[in-house]
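Read through the structure below, which is laid out as structure tokens, and then see the notes.
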Amino acid sequence: MEINLNKKMRTSLILKNMNLLFVDDNKHISAEIYTLFSAIFKSIMLAHSVAKAKNIYQGKSTDIIITDIKMPGQDGLSFVEDIRSTNASVPITILSAHTDKQYLLRAANLQIDGYITKPLNFKKL
Numbered sequence: 001m002e003i004n005l006n007k008k009m010r011t012s013l014i015l016k017n018m019n020l021l022f023v024d025d026n027k028h029i030s031a032e033i034y035t036l037f038s039a040i041f042k043s044i045m046l047a048h049s050v051a052k053a054k055n056i057y058q059g060k061s062t063d064i065i066i067t068d069i070k071m072p073g074q075d076g077l078s079f080v081e082d083i084r085s086t087n088a089s090v091p092i093t094i095l096s097a098h099t100d101k102q103y104l105l106r107a108a109n110l111q112i113d114g115y116i117t118k119p120l121n122f123k124k125l
């Protein structure tokens with residue numbers, strides 16, 4: 001017997017087995033993301049700095065990364081550069097209020113998988 005699942009359902013089943021690393025210094029946005037995505041992903045790991053994100057990434061299985069750009073200390077694009085130097089395939093989406101060409105070009109050169117602008121539109125996510 002063949003089961004025919006629609007695309008949305010297949011995607012949902014895939015995500016339910018994946019671990020998301022969400023990096024944003026805004027704790028309010030992180031809490032909203034956690035609430036929104038906790039039913040979708042196997043686990044959600046929150047980091048409020050790039051240093052914390054690096055520790056999580058090195059110690060845990062990470063299947064998808066969503067990161068802000070501007071954060072205290074190292075910025076999110078530098079974090080993406082570090083990840084891409086060792087893992088070219090992990091899906092990475094940028095979440096940022098910045099829409100100027102400088103950030104967009106730098107992000108595109110890092111082969112990101114998406115760029116979502118703040119304020120958040122949860123339907124886009």
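Each residue of the sequence shown is one higher than the last, beginning at 1 in the UniProt record's numbering. Here a beta-carbon is modelled for each residue, glycine too, at the ideal position from N, C-alpha and C. The structure displayed is predicted, hence computed values, not measured ones.
If we call anything under 7 Å between Cβ atoms a contact, is MET71 one with ILE56? no
Contacting residues, own chain, Cβ-Cβ under 6 Å from ASN19 (five flanking each side not counted): LYS42, SER43, SER61, THR62 and ASP63
Cβ of ASP68 within 7 Å of Cβ of GLY76? In this structure, GLY76 lies closer than 7 Å to ASP68 by Cβ.
Taking LYS16 as the reference, give the member of ALA31, ASP25 and PHE37 with the closest Cα. Cα-wise, what sits closest to LYS16 is PHE37.
Check SER43 in the structure and name its three-state DSSP category. strand
ASN55 (DSSP reduced to helix, strand or coil): helix
Starting from the C-beta of GLN74, find all residues in its chain whose C-beta is less than 6 Å away, skip the five residues before and the five after it, and write them out in chain order. VAL50
Confirm, please, whether the CB-CB distance from ILE65 to ILE94 is below 7 Å. Contact flag unset, no.
For ASN19, report the span of its beta strand (DSSP E) as first-last. 19 to 23
Would you kindly report the start and end of the unbroken alpha helix (DSSP H) that includes LEU77? 76 to 86
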